[in-house]
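Novice: Please see the structure below; I have some questions.
Residue numbers (the numbering used here): 15 to 427.
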């Protein structure tokens, strides 16, 4: 790229990772095209309407083009891009194994239109070896050679939705390349737009680093959830003990208990890691134990509800369906599991969530009800599952029969 030339970037996949990344690069002066196969998302973006709480409607003007994937316009802009960033979902399938269909589909799509010298950067979370064993072979079958015909890179996303302290630009960016020249390309590019880049020796290292980060969080959150339950039986105030431990200025990071772990990363990434280990006849006992603790949390909350209502099938208001505060993401949310379990047991269940206006469970649609004195008076029990910052905690603190799984009413956290 010539000095002063604007970087032309295409971002494929406009979800919780891709859309903020596209906006960040556009605000920094890149010519950005956002591409997604979901035409409904594209229509909303073209109308200037954001579906992600972290992205304001007015910010969408920074990206010049939002294009459906299978259009001539998308192909033309894709061919013109110097950098193509892939941020598509990598969930688990019905067998609890990595589902790389979206990554593979995008790679096949790129092979149709790849231009010599383009840099392809994958940011989707995945198991170590994906770039080397799955992605590069697809390009090779089309006779594209990494480091010569194109540059193949991997940089794991580190976006934390609703985090106001650490912005996308300020979080260090781990980068890798399948060849030395590929690493040089991504280093040259991302160093201009992020406060710090952290080059590593191979995509395998970068892929593992991402799984390591979220597996560590799973283990620690599962630990506090288990200790919270044990402290109840020992008649110890767990939060008081946790806050006391958190005063240690080194070697301790506080994690807070709740109804379970949700979102795309923390529940999923350790499964990717365990799956990869299994391919080599290995396994992590610690990860397995942490997953078991986390997976049983919703059932433990349901048992608390049953104990509180003494066997009666009364009306329950669930407050919060999103997997964490101040987001509208319900992927892998334990609140949905709890909601559904309560319905299956015969309870009348409604919910309030300012970020989730509707939800479908067992082919039935539910709408968020208003959080008012009048509404709360209709329920025998209120169940606080997600501690959104814009909830009326003054009102909730007056509720006589409430289970606060986040302990926010007591601690003010």
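The beta-carbon is built from N, C-alpha and C at its ideal position, and this holds for glycine as well. The structure displayed is predicted, hence computed values, not measured ones.
Should the stretch 337–355 be regarded as contacting the stretch 307–317, the criterion being three or more beta carbon pairs within less than 8 Å?
Specialist: yes
Novice: Which two residues bound the contiguous beta strand (DSSP E) that contains residue 395?
Specialist: What you label residue 395 is simply residue 381 of the chain shown in a count that begins at 1. Its beta strand (DSSP E) spans residues 395–398.
Novice: Considering only their Cβ atoms, is the gap separating residue 59 from residue 80 smaller than 8 Å?
Specialist: Position 66 of the chain shown, counted from the first residue, corresponds to residue 80. Position 45 of the chain shown, counted from the first residue, corresponds to residue 59. In contact: residue 80 and residue 59 (Cβ atoms closer than 8 Å).
Novice: Determine contact between the stretch 217–228 and the stretch 182–190, defined as no fewer than three beta-carbon pairs at a distance below 8 Å.
Specialist: yes
Novice: Would you list the one or two residues that DSSP bridges to residue 381?
Specialist: Reading the chain shown from its first residue, position 367 is the one you call residue 381. For residue 381, which the question treats as bridged, DSSP gives the partners 372.
Novice: Taking the beta carbon of residue 16 as the centre, do at least 16 other beta carbons fall within 10 Å, making it buried, or is it exposed?
Specialist: For this step, residue 16 is matched to residue 2 along the chain shown. Caution applies to residue 16, whose pLDDT of 46 falls short of 50 and renders its modelled position unreliable; the value that the coordinates give is listed next. Looking at its Cβ environment, which holds fewer than 16 other Cβ atoms inside 10 Å, residue 16 is exposed.
Novice: Return yes when the C-beta of residue 368 is under 7 Å from any heavy atom of the ligand ATP, and no when it is not.
Specialist: By its list of ligands, the structure shown contains no ligand whatsoever, and the ligand ATP lies outside what it can speak to.
Novice: Does the Cβ-Cβ distance between residue 259 and residue 266 come in under 8 Å?
Specialist: Within the chain shown, residue 259 is the residue found at index 245, counting from 1. Within the chain shown, residue 266 is the residue found at index 252, counting from 1. Yes. Within cutoff.
Novice: Is the beta carbon of residue 326 sitting closer than 8 Å to the one on residue 337?
Specialist: Taking the first residue of the chain shown as 1, we reach residue 326 at position 312. Taking the first residue of the chain shown as 1, we reach residue 337 at position 323. The answer is no: Cβ separation not under 8 Å.
Novice: Between which two residues does the beta strand (DSSP E) harbouring residue 213 extend?
Specialist: For the purposes of this step, residue 213 is identified with residue 199 of the chain shown, where counting begins at 1. Run containing residue 213: 211–213, per the beta strand (DSSP E) assignment.
Novice: Between residue 331 and residue 231, what straight-line distance do the alpha-carbon atoms span, to the nearest angstrom?
Specialist: Working through the chain shown from its first residue, we reach residue 331 at position 317. Working through the chain shown from its first residue, we reach residue 231 at position 217. Between residue 331 and residue 231, the C-alpha separation is close to 29 Å.
Novice: Of the residues 365, 415, 205, 95, which one's Cα is nearest the Cα of residue 323?
Specialist: For the purposes of this step, residue 323 is taken as the residue at position 309 of the chain shown. Checked all of 365, 415, 205, 95; the closest Cα to residue 323 is 415.
Novice: Residue 22 bridges to which residues according to DSSP?
Specialist: For this step, residue 22 is matched to residue 8 along the chain shown. 45, per the DSSP bridge assignment.
Novice: Would you please state the rounded distance, in angstroms, between the beta carbons of residue 196 and residue 166? I believe it to be under 8 Å.
Specialist: Counted from its first residue, the chain shown places residue 196 at position 182. Counted from its first residue, the chain shown places residue 166 at position 152. About 5 Å; that satisfies the 8 Å criterion.
Novice: According to DSSP, simplified to helix, strand and coil, what is residue 429?
Specialist: The structure shown does not extend to residue 429, since the chain spans only 15 to 427, so no value can be given for it.
Novice: State the start and end residues of the unbroken beta strand (DSSP E) segment that holds residue 241.
Specialist: Sequence index remark: in the chain shown, residue 241 carries index 227 (1-based). Segment 217–248 is the alpha helix (DSSP H) holding residue 241; no beta strand (DSSP E) there.
Novice: With a threshold of 16 other CB atoms inside 10 Å of the CB of residue 304, please say whether the residue is buried or exposed.
Specialist: Counted from its first residue, the chain shown places residue 304 at position 290. Result: buried.
Novice: Quick check on DSSP: helix, strand or coil for residue 79?
Specialist: Locating residue 79 in the chain shown gives position 65, where the first residue counts as 1. DSSP, read as helix, strand or coil, puts residue 79 in strand.
Novice: Determine whether the beta carbon atoms of residue 148 and residue 27 lie at a separation below 8 Å.
Specialist: Reading the chain shown from its first residue, position 134 is the one you call residue 148. Reading the chain shown from its first residue, position 13 is the one you call residue 27. Going by C-beta atoms, residue 148 is not nearer than 8 Å to residue 27.
Novice: List the endpoints of the continuous beta strand (DSSP E) containing residue 317.
Specialist: Counted from its first residue, the chain shown places residue 317 at position 303. That residue, residue 317, is in no beta strand (DSSP E); its alpha helix (DSSP H) goes 299–322.
Novice: Could you pull the DSSP bridge partners for residue 109 from this structure?
Specialist: Locating residue 109 in the chain shown gives position 95, counting from the first residue. Answer by DSSP bridge pairing: none, since residue 109 is not bridged.
Novice: Given residue 44, which residues of its chain have a CB within under 6 Å of its CB, disregarding the five upstream and five downstream residues?
Specialist: Walking along the chain shown from the start, residue 44 turns up at place 30. Here the set comprises 21, 23.
Novice: Does DSSP put residue 133 in a helix, in a strand, or in coil?
Specialist: Residue numbering aside, residue 133 sits at position 119 when the chain shown is read from its first letter. Three-state DSSP puts residue 133 in a strand.
Novice: At which residues does the beta strand (DSSP E) containing residue 189 begin and terminate?
Specialist: Here the question's residue 189 lines up with position 175 in the chain shown. Segment 187–191, the beta strand (DSSP E) holding residue 189.
Novice: In the DSSP assignment, find the unbroken alpha helix (DSSP H) run with residue 89 in it and report its ends.
Specialist: As a first step, residue 89 is located in the chain shown; it is residue number 75 there, counting from the start. Segment 86–94, the alpha helix (DSSP H) holding residue 89.
Novice: Under the three-state reduction of DSSP, which class applies to residue 167: helix, strand or coil?
Specialist: Locating residue 167 in the chain shown gives position 153, where the first residue counts as 1. Strand at residue 167.
Novice: Is residue 14 helix, strand or coil by DSSP?
Specialist: With the chain covering 15 to 427 only, the question about residue 14 has no answer from this structure.
Novice: Per DSSP, what kind of secondary structure is residue 287 in: helix, strand or coil?
Specialist: Within the chain shown, the letter at position 273 stands for residue 287. Helix.
Novice: Taking DSSP as the reference, what is the three-state secondary structure of residue 424?
Specialist: By 1-based counting over the chain shown, the position of residue 424 is 410. Helix.
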